[in-house]
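Visitor:
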Amino acid sequence: MIKEANDHVQLYPDGKYRWVYEVNMLTNYSILFDVWKVLGISMGIIVLLFVVIAIFDGDWDSLAGMAPVLGVVALVMLVLGLIGYFIYAAISGWKYAVLFIMDEKEVVHQQMPNTVKKGQLIGALTILAGLASGRPGTVGTGILAQSRMSMISTLADVERLIPCRRMNLIKVNQRFAKNRIYVNDEDFDFVYNFLLTNCKKS
56 MIKEANDHVQ
66 LYPDGKYRWV
76 YEVNMLTNYS
86 ILFDVWKVLG
96 ISMGIIVLLF
106 VVIAIFDGDW
116 DSLAGMAPVL
126 GVVALVMLVL
136 GLIGYFIYAA
146 ISGWKYAVLF
156 IMDEKEVVHQ
166 QMPNTVKKGQ
176 LIGALTILAG
186 LASGRPGTVG
196 TGILAQSRMS
206 MISTLADVER
216 LIPCRRMNLI
226 KVNQRFAKNR
236 IYVNDEDFDF
246 VYNFLLTNCK
256 KS
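Letter 125 of the sequence shown, counting from 1, is numbered 180 in this note's numbering, and no numbers are missing.
(1) Nearer than 6 Å: is that true of the beta carbon of V90 relative to any heavy atom of the ligand FAD?
(2) State the start and end residues of the unbroken alpha helix (DSSP H) segment that holds W91.
(3) Based on Cα-Cα distance, which residue from F243, M206, M204, S205 lies nearest to I217?
(4) If contact is defined by three or more beta carbon pairs under 8 Å, each pair taking one atom from either stretch, is the stretch 149-167 in contact with the stretch 65-74?
(5) Just the C-alpha distance for I123 and D112, rounded to the nearest angstrom, thanks.
(6) Less than 7 Å between the beta carbons of W149 and L81, yes or no?
(7) Does the structure place the stretch 125-145 close enough to the stretch 74-90 that three or more beta carbon pairs sit under 8 Å?
(8) Can you check DSSP and say which residues form a bridge with W74?
(9) Have a look at A119 and V102 and give me their C-alpha separation to the nearest angstrom.
(10) Compute the distance between the beta-carbons of Y151 and V78, then report whether it is under 7 Å.
(11) Only counting the same chain, and skipping five residues up and downstream in sequence, which positions put a Cβ closer than 7 Å to that of F245?
(12) Given A211, which residues of its chain have a CB within under 6 Å of its CB, disregarding the five upstream and five downstream residues?
(13) Within 10 angstroms of its Cβ, does I100 collect 16 or more other Cβ (buried), or is it exposed?
(14) Starting from V162 and walking both ways along the beta strand (DSSP E), at which residues does that stretch end?
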């Protein structure tokens with residue numbers, strides 16, 4: 056028997072676990088760290104390009120002279136990433152609302168539009184919880200249709216799980232895809248152990 060839907064992890068009639076999580080972007084900086092990581096990779100590619108050019112030209116002096124310039128570029132990218140993050144956070148109302156769907160085969164990270172609030176998501180899940188027969192997936196499909204972006208991780212292909220309990224975050228990494236699963240303190244161990252059990256490669 057399913058309790059009234061809330062932000063806790065619950066099993067629904069279609070055999071999938073669902074929960075809603077709202078990331079407070081003013082207190083949880085995990086998204087900002089990911090932005091900086093992407094910018095850092097971009098910066099690393101630029102540096103690598105300069106090194107390759109210097110190797111072929113044999114001009115190490117010019118590379119050494121570029122070091123201060125590259126340092127300034129890195130600092131500018133760092134600041135721009137921070138400004139961009141706070142602009143996005145402000146536009147989003149300082150919240151990042153996500154619906155998660157999980158079973159033994161996959162976990163879905165479903166970003167919701169800014170107009171969809173946590174209460175609306177929970178209300179839709181309450182309807183889904185009441186559908187003990189018929190087609191319980193219909194409501195779930197409707198929720199997904201409202202969304203703008205999703206990230207699906209096939210658990211059989213996941214190579215690494217990284218728990219970040221302080222940020223209520225579990226990083227689900229495949230070779231070419233990195234998913235982010237947020238979960239409340241009360242359900243953190245359950246979700247992490249569930250993923251650990253079904254991610255055979257991790």
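Backbone N, C-alpha and C define an ideal beta-carbon position, used for all residues, glycine too.
Guide: A quick look at the data gives this:
(1) What this structure holds is no ligand at all, so the ligand FAD is not there to describe.
(2) Looking up residue 91 in the sequence shown gives position 36. Where W91 is concerned, the enclosing alpha helix (DSSP H) starts and stops at 85-112.
(3) Residue 217 sits at position 162 when you count from the first residue of the sequence shown. Cα-wise, what sits closest to I217 is F243.
(4) With the cut-off at 8 Å, the stretch 65-74 and the stretch 149-167 touch.
(5) Taking the first residue of the sequence shown as position 1, residue 123 is located at position 68. Taking the first residue of the sequence shown as position 1, residue 112 is located at position 57. Correcting the residue type first, residue 123 is Pro in the shown sequence and not Ile. Separation of P123 and D112 (C-alpha to C-alpha, rounded to the nearest whole angstrom) is 20 Å.
(6) Position 94 of the sequence shown, counting from 1, holds the residue named residue 149. Position 26 of the sequence shown, counting from 1, holds the residue named residue 81. Going by C-beta atoms, W149 is nearer than 7 Å to L81.
(7) Segments in contact, yes.
(8) Working through the sequence shown from its first residue, we reach residue 74 at position 19. The partner list for W74 (beta bridge, DSSP) reads F155.
(9) Locating residue 119 in the sequence shown gives position 64, counting from the first residue. Locating residue 102 in the sequence shown gives position 47, counting from the first residue. C-alpha of A119 to C-alpha of V102: approximately 11 Å in a straight line.
(10) As a working note, residue 151 is residue 96 in the sequence shown. As a working note, residue 78 is residue 23 in the sequence shown. Yes.
(11) As a working mapping, residue 245 is identified with position 190 in the sequence shown. For F245, where only same-chain residues beyond five positions count, the Cβ hits under 7 Å are V64.
(12) By one-based count along the sequence shown, residue 211 stands at place 156. Residues of the same chain with their beta carbon placed closer than 6 Å to that of A211 are lacking, with the five preceding and five following residues left out of the count.
(13) For the purposes of this step, residue 100 is identified with residue 45 of the sequence shown, where counting begins at 1. Exposed: under 16 other Cβ atoms inside 10 Å.
(14) Position 107 of the sequence shown, counted from the first residue, corresponds to residue 162. Where V162 is concerned, the enclosing beta strand (DSSP E) stretches over 161-166.
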